[in-house]
Every structure is written in structure tokens, then in C-alpha cells.
Amino acid sequence: MAQALTALLAGGDDRQVISFEVAGQEFCLDVGSVRELRGFTEPTPMPDSPPYVTGVINLRGTVMPVIDLRARLGFAGLDAAARPVIVVIESGDDCAGLMVDAVCDTYTVAPEDVTPPPGFSEYSGDGLVSAVIKAGDKMIILLSADTLLPQGLAAAA
Numbered sequence: 179m180a181q182a183l184t185a186l187l188a189g190g191d192d193r194q195v196i197s198f199e200v201a202g203q204e205f206c207l208d209v210g211s212v213r214e215l216r217g218f219t220e221p222t223p224m225p226d227s228p229p230y231v232t233g234v235i236n237l238r239g240t241v242m243p244v245i246d247l248r249a250r251l252g253f254a255g256l257d258a259a260a261r262p263v264i265v266v267i268e269s270g271d272d273c274a275g276l277m278v279d280a281v282c283d284t285y286t287v288a289p290e291d292v293t294p295p296p297g298f299s300e301y302s303g304d305g306l307v308s309a310v311i312k313a314g315d316k317m318i319i320l321l322s323a324d325t326l327l328p329q330g331l332a333a334a335a
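Have a look at this one:
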């Protein structure tokens, strides 16, 4: 089972998540994996990058990859007039920017509101989706920072 789900269920403590919108759908990450939020900076393209990596940016002297979360999740590209936000995430020693449509909210999540992802999800087998969170009348997909940012991707940037 994904680390994020295990962490949310362990010890019975409530956890904080930050949610964001991608292609009209709400997703979230554990706040512990989010380093900062920043306005969009046009990435410098990198040859031979995975198709979902739009390029690299310089964040206070650190060169990091920018992942188009729409492309990573299999959605259509951004509208040309869109003003995306970059969510800077950390996983181990690596960090990257996730290009999202908008940052929505933070939630306090109780363990009883967290369920494993359904087995039929295209992303449940690769660990991209850690859990499904019930937040009032909404269902929010918890993504795994560890899977979004494969180890070594930032080093390749």
C-alpha cells in the first residue's frame, strides 16, 4: 500500500492535505511533501525528458524539473490563456515543480475519511494515486509525491 495512505491511517492522527485543480478535478498532496507554492515561471525545455516534463526552472539557485500534472495524469493540455500555478514538492533529496491549474484549499483529514484507491483505476497499480479522501460531499484523489517525482529525476535536470 502506498506510503501516503499508510501514513494517513497510522496512529489515528488527523493529517493536513493541500488540494489543487487539474483539468476540472480536485487532487491533493500531504502538506509534508509540499515545499512552497509559486506563480508560473516559463520552464526552459530539456531534451530527452519524459513527455510530462515541460523543462526546468531555477528556484533560488536550485535547478528543478517542472512536471505538467495534466500530461502526467493523461489529461488534455492547458488552454493558452490559462495561468497555471507551480506547486514545489519534495521527495527524499529530490524536488520538482508540479504545474497545476489552481490551488484550492487545505483540509484536515481524519483516518476514517481515507480509503484505498479502487483497483480499476489506471493509476492505482503504479502508486500514483495513494488514496481517495472523503471531504464533505466531495471525493478528492490523494497523489503520491514519491511516485510523481521518481527518484533521480531532479538529478537529471
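Take any residue in the sequence shown, note its place counting from 1, add 178, and you have its number in this note's numbering.
Cβ coordinates follow ideal geometry from the N, Cα and C atoms, glycine included.
Alpha carbon of residue i to alpha carbon of residue j, nearest angstrom
i, j, result
"residue 302", "residue 246", "At residue 302, the pLDDT of 48 sits below 50, so the modelled position is not reliable; the number obtained from the coordinates is stated separately. Roughly 19 Å separates the two Cα atoms."
"residue 289", "residue 225", "42 Å"
"residue 317", "residue 239", "38 Å"
"residue 266", "residue 311", "22 Å"
"residue 210", "residue 194", "8 Å"
"residue 327", "residue 315", "30 Å"
Residue of the options minimising C-alpha distance to residue i
i, options, result
"residue 230", "277, 308, 262 and 309", "277"
"residue 221", "233, 306, 280 and 272", "233"
"residue 293", "254, 200 and 313", "313"
"residue 192", "295, 291 and 199", "291"
"residue 241", "201, 285, 252 and 223", "223"
"residue 324", "215, 268, 283 and 297", "268"
"residue 286", "295, 200, 207 and 272", "207"
"residue 255", "202, 271, 215 and 281", "202"
"residue 264", "252, 237 and 216", "216"
Sheet register partners of residue i (DSSP bridge)
i, result
"residue 327", "Paired residues: none, contrary to the question."
"residue 224", "DSSP lists no partner for residue 224."
Element boundaries [beta strand (DSSP E), containing residue i]
i, result
"residue 216", "212 to 217"
"residue 237", "231 to 237"
"residue 251", "Where residue 251 is concerned, there is no enclosing beta strand (DSSP E), given that its DSSP letter is neither H nor E."
Rounded Cβ spacing between residue i and residue j (contact assumed at less than 8 Å)
i, j, result
"residue 249", "residue 279", "Incorrect: roughly 13 Å between the Cβ atoms, too far for contact."
"residue 196", "residue 212", "5 Å"
"residue 218", "residue 321", "Not confirmed; about 20 Å, so no contact."
Residue span of the alpha helix (DSSP H) that contains residue i, given as start and end
i, result
"residue 193", "Element bounds for residue 193: not the alpha helix (DSSP H) but the beta strand (DSSP E), 193 to 200."
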